[in-house]
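Residue numbers (my numbering), protein chains in the order written: chain B, 13 to 158; chain U, 3 to 403. For each residue, glycine too, the CB sits at the ideal point set by N, CA and C. The structure presented is a predicted model; accordingly, all values stated were derived computationally and were not measured.
If you want it as structure tokens, here you go:
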């Protein structure tokens with residue numbers, strides 16, 4: 013009889029463990045796997061295809077670094093006369109980028125150096141480029157998860 | 003009999019499992035975050051290309067002397083060390099710093115400051131040496147003028163100065179007191195000086211800041227109980243003795259990096275993201291309007307001693323923080339730099355003007371997340387129970403032991 017009660021106790025405790033573990037699971041908004049982190053995208057109105065890559069690998073959270081933005085027309089021709097402004101921020105935290113990155117150099121082949129990028133905290137960041145050229149104005153937003 | 007024994011075994015094993023889940027175990031993501039906050043993750047002190055004397059021992063020695071010299075003030079009783087008390091984490095335990103007068107801001111501690119890109123609560127200076135110059139001329143702090151400091155160093159530290167920085171300029175035609183932030187007569191005297199004379203004084207003045215900065219670079223964060231705990235965790239060893247965290251401290255650490263979102267801004271080994279955030283901290287009645295970073299960006303942009311100025315030893319390529327800083331936007335209003343939380347538990351009061359007397363008040367503020375007096379708070383309300391608040395505070399204390 014006594015052993016039955018001990019089994020019941022064991023089951024109750026195990027249930028408590030399972031429920032506790034379930035409740036303790038982090039319930040972050042969108043998880044990393046749900047965010048589209050593709051580095052090449054068509055701009056919102058389809059005027060350009062934009063691609064980004066960090067200038068050097070191994071960028072670190074909290075450090076200023078540079079990205080290369082490549083702008084091409086949908087048929088693959090490099091866009092070399094684009095005026096580009098950079099924006100973005102953290103959608104989850106109601107704030108923009110900690111710095112104000114700018115295009116500092118045109119590298120040819122539709123490639124632009126973006127200087128002054130910093131991701132000051134871990135989490136989901138958006139990096140937005142407003143691109144204007146003879147072909148028109150369009151915008152593209154990339155997602156990055158630090 | 004056999005079944006009874008196995009029943010006991012099940013019950014005991016389940017209880018042990020429950021105990022281990024009460025906090026001893028961290029997920030891999032939590033472990034990575036904890037490691038990133040520990041002193042072991044602190045990178046070596048970065049070079050300061052704006053200050054070519056930054057790592058010159060003679061400059062640091064002169065800087066230490068100047069830091070504690072009360073003659074570096076209009077009334078002869080205020081030194082840097084008056085508010086940055088050496089035995090009090092280089093701060094003064096007061097809501098607002100007191101020099102010749104009373105300032106509008108809480109004195110910041112100095113440990114690890116040299117790692118940051120911005121100085122003061124609002125980042126109105128962009129190097130340790132440019133920061134050191136500002137209080138010297140603030141009428142509420144040292145209340146001196148740059149001409150006064152140039153004469154002072156020529157009179158009192160002539161040989162030491164020249165051995166480090168080279169020849170002193172001829173100061174015979176420079177008024178005893180003259181500076182752009184002095185009393186009206188001192189400002190008039192400054193404006194009457196030729197640009198060459200002004201430059202000569204500015205050069206000596208900036209070198210004093212560079213010496214003080216060289217000294218301040220030696221003030222580094224000390225290892226805490228949290229760091230020892232993090233080291234044991236990273237090594238996969240059980241924390242023993244005083245290194246072991248209590249259940250309350252572990253729960254507080256989990257809250258800090260989890261539900262309470264503290265580590266969003268208090269990140270990395272210095273527990274700051276070096277950026278600026280509006281967290282809805284209340285105004286202090288009676289103080290002038292304080293817009294935080296909104297004013298700070300204008301001041302650092304206009305500072306002749308900033309990274310891009312002629313007294314900086316760096317080229318523009320080293321001035322990324324200044325060149326690419328955010329200069330406008332609503333997010334700057336009443337945004338302040340998250341201070342390092344190392345040692346914070348033992349240095350109340352809190353916030354940029356000492357608004358909160360205790361950690362309980364701080365945690366209550368971040369839990370309630372009230373609307374900001376101006377601008378918009380970045381906080382979202384948390385529902386922290388009384389027990390969770392105490393757990394957070396218990397963890398914060400491990401950063402000060």
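Counting only runs of at least 3 residues, the segment 46-87 of chain B fully encloses the following beta strand (DSSP E) elements, listed from N- to C-terminal order: 52-54, 61-66 and 77-84. Per the C-alpha coordinates, the member of U:279, U:192 and U:364 positioned closest to residue 293 of chain U is U:279. The three-state reading of DSSP puts residue 338 of chain U in strand, counting E and B together.
Residue 125 of chain B: member of the beta strand (DSSP E) spanning 123-129, first to last residue. A direct Cα-to-Cα measurement between residue 43 of chain U and residue 187 of chain U gives close to 51 Å. In chain order, 275 place their CB closer than 6 Å to the CB of residue 269 of chain U, counting only its own chain and leaving out the 5 sequence neighbours on each side. Residues of chain U with a Cβ closer than 9 Å to the Cβ of residue 127 of chain B are, in chain order, 322, 325 and 326. Residue 94 of chain U sits buried, since 16 or more C-beta atoms from the chains shown fall within 10 Å of its C-beta. Residue burial is scored here from C-beta neighbours: residue 160 of chain U has fewer than 16 other C-beta atoms within 10 angstroms and is therefore classed as exposed.
Note on residue 150 of chain B: 16 or more other CB atoms within 10 angstroms of its CB, so buried under the neighbour-count rule. As for any alpha helix (DSSP H) of minimum length 4 sitting wholly inside the segment 53-128 of chain U, the runs are 59-69 and 82-85, ordered along the chain.
For the segment 295-310 of chain U, no residue has a beta-carbon sitting nearer than 9 Å to a beta-carbon of chain B. Judged by DSSP in its simplified three-state form, residue 143 of chain B adopts strand. By the criterion of a C-beta distance shorter than 7 Å, residue 380 of chain U is surrounded in its chain by 279, 280 and 281, once the five residues flanking it on both sides are discounted. Within the same chain, Cβ atoms closer than 8 Å to the Cβ of residue 143 of chain B are found at 55, 59, 60, 62, 83, 91, 94, 95, 96, 149, 150, 151 and 152, the five residues on either side in sequence being excluded.
For residue 380 of chain U, the chain B residues whose Cβ falls inside 7 Å of its Cβ are 105, 106 and 107, in order along the chain.
Given a length threshold of 4 residues, each whole run of the alpha helix (DSSP H) inside the segment 264-338 of chain U is given here in chain order: 295-304 and 322-325. The segment 170-248 of chain U is shown to contain no whole beta strand (DSSP E) run of 3 or more residues. For residue 329 of chain U, the chain B residues whose C-beta falls within less than 8 Å of its own C-beta are 112, listed in chain order. At a cut-off of 7 Å between beta-carbon atoms, residue 385 of chain U makes no contact with chain B. Using a CB distance cut-off of 7 Å, residue 71 of chain B does not count as an interface residue toward chain U. Judged by DSSP in its simplified three-state form, residue 369 of chain U adopts helix. In the DSSP assignment, residue 33 of chain U falls within the alpha helix (DSSP H) that extends over 30-39.
For residue 91 of chain B, no alpha helix (DSSP H) encloses it, and the DSSP letter there is neither H nor E. For residue 316 of chain U, the nearest beta carbon of chain B is not closer than 7 Å to its own beta carbon.
When 7 Å is used as the limit between beta carbons, residue 132 of chain B is near these residues of chain U: 275, 276 and 277, in chain order.
For residue 81 of chain B, the closest Cβ of chain U is not nearer than 7 Å. The C-beta separation of residue 302 of chain U from residue 128 of chain U comes to about 5 Å, placing the pair in contact by the 8 Å criterion. For residue 159 of chain U, there is no enclosing beta strand (DSSP E), since its DSSP letter is neither H nor E.
Residue-level contact by beta carbon holds for residue 333 of chain U and chain B, with a gap shorter than 7 Å. Contact between residue 289 of chain U and residue 355 of chain U holds: CB atoms are separated by about 6 Å, below the 8 Å threshold. Taking 7 Å as the cut-off, the beta carbon of residue 323 of chain U is found no closer than this to the beta carbon of residue 171 of chain U. Nearest C-alpha to residue 338 of chain U among B:118, B:18, B:156 and B:110: B:110. Chain-ordered, the chain B residues with CB closer than 7 Å to the CB of residue 270 of chain U read 74. For the segment 54-83 of chain U, the set of residues with a beta-carbon nearer than 8 Å to any beta-carbon of chain B is empty. C-alpha of residue 111 of chain U to C-alpha of residue 146 of chain B: approximately 53 Å in a straight line.
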